[in-house]
Amino acid sequence: MSQINNNKFEEVTLSTQQIFEGKIISLQVDTVRLPNGKTATREIVKHPGAVAVLALVDDKMLVVEQFRKPLERNQIEIPAGKLDAGEDPMEAAKRELKEETGYSCDTMKLVSSFYTSPGFADEIIHLYVAEQLTNGDAQLDEDEFLDVESITLEQAQQYMREQRISDAKTITAVYAWQVYKLTGSF
236 MSQINNNKFE
246 EVTLSTQQIF
256 EGKIISLQVD
266 TVRLPNGKTA
276 TREIVKHPGA
286 VAVLALVDDK
296 MLVVEQFRKP
306 LERNQIEIPA
316 GKLDAGEDPM
326 EAAKRELKEE
336 TGYSCDTMKL
346 VSSFYTSPGF
356 ADEIIHLYVA
366 EQLTNGDAQL
376 DEDEFLDVES
386 ITLEQAQQYM
396 REQRISDAKT
406 ITAVYAWQVY
416 KLTGSF
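If you read the sequence shown in our numbering, its first letter stands for residue 236, the second for the next number, and so on.
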């Protein structure tokens, strides 16, 4: 049996120019050698990674509605947030769930980890499912303004049709929930 060459199309970095270093992201431009020997440039956004939580309470999904400046409108999304340096993703997911919704849980299960835009960014999101939740008080960051709602699968699908839910992590969570309702497993 032959091995798959995972580096078949590898682009070797010849140089990196740091363009921007922000609080959350950085931007660099890499000059690379292509597999055919020619050179090209790649604009790359570096991100620390994030977590998202599919939180189910009484067969409803917890969502938050908040303003998203890049879209210039409100968005309905599942609870989520960025990883702090060295933070365990599951602990970050528990933290974000508590901060944004007030709910906590003892255990979570990883549904999937996925890259948001691998053509230009290294951001990875770890999607967890949380069930058997305990309600409490939210602990929003000082620059966070949102409403919490619990919605049915049918409402989530309607919000998707209306583009009120239009981000990849929430759409992925809705489809994972739908598969769970059909098969009994994530």
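Beta carbons are placed, not taken as given, at the ideal position from N, Cα and C, and that holds for glycine.
| query | result |
| --- | --- |
| Note down, one range per segment and in chain order, each beta strand (DSSP E) of at least 3 residues found wholly within the segment 298-330. | 308-312, 315-317 |
| Determine the direct distance from the alpha carbon of Ala328 to that of Leu345, and round the result to whole angstroms. | 10 Å |
| Going by CA-CA distance only, name the one from Val286, Phe380, Gln413 that's closest to Glu300. | Phe380 |
| Measure the C-alpha to C-alpha separation of Glu389 and Pro353 and round it to an integer number of angstroms. | 31 Å |
| Which residues does DSSP pair with Asp382 in a beta bridge? | Glu300 |
| Just mark Ile400 as buried or exposed, buried being the case when its beta carbon has 16 or more other beta carbons within 10 Å. | buried |
| Once you ignore the five residues that flank Asp319 on each side, which residues in its own chain have a CB closer than 8 Å to its CB? | Pro283, Ala327 |
| Taking 8 Å as the cut-off, decide whether the C-beta atoms of Ser385 and Met296 are in contact. | yes |
| Taking all protein chains shown into account, do 16 or more other C-beta atoms lie within 10 angstroms of the C-beta of Lys404, making it buried, or fewer, making it exposed? | buried |
| In this structure, how does DSSP classify Met236 when only helix, strand and coil are distinguished? | Low per-residue confidence applies at Met236: pLDDT is 48, beneath 50, and the placement is therefore not dependable, though the value from the model is reported in the following sentence. Coil at Met236, not helix or strand. |
| With Arg268 and Leu249 assumed to form a contact (beta carbons below 8 Å), what rounded beta-carbon distance in angstroms separates them? | 6 Å |
| Straight-line CA distance for Asp402 to Ile313? | 10 Å |
| Just to confirm before moving on: does the CB-CB distance between Lys317 and Ala285 stay below 8 Å? | yes |
| Using a Cβ-Cβ cutoff of less than 6 Å, which residues in the same chain neighbour Val364 once the five nearest sequence positions on both sides are dropped? | Leu289, Lys344, Val346, Phe421 |
| Are there 16 or more other CB atoms within 10 angstroms of the CB of Arg308, so buried, or fewer, so exposed? | exposed |
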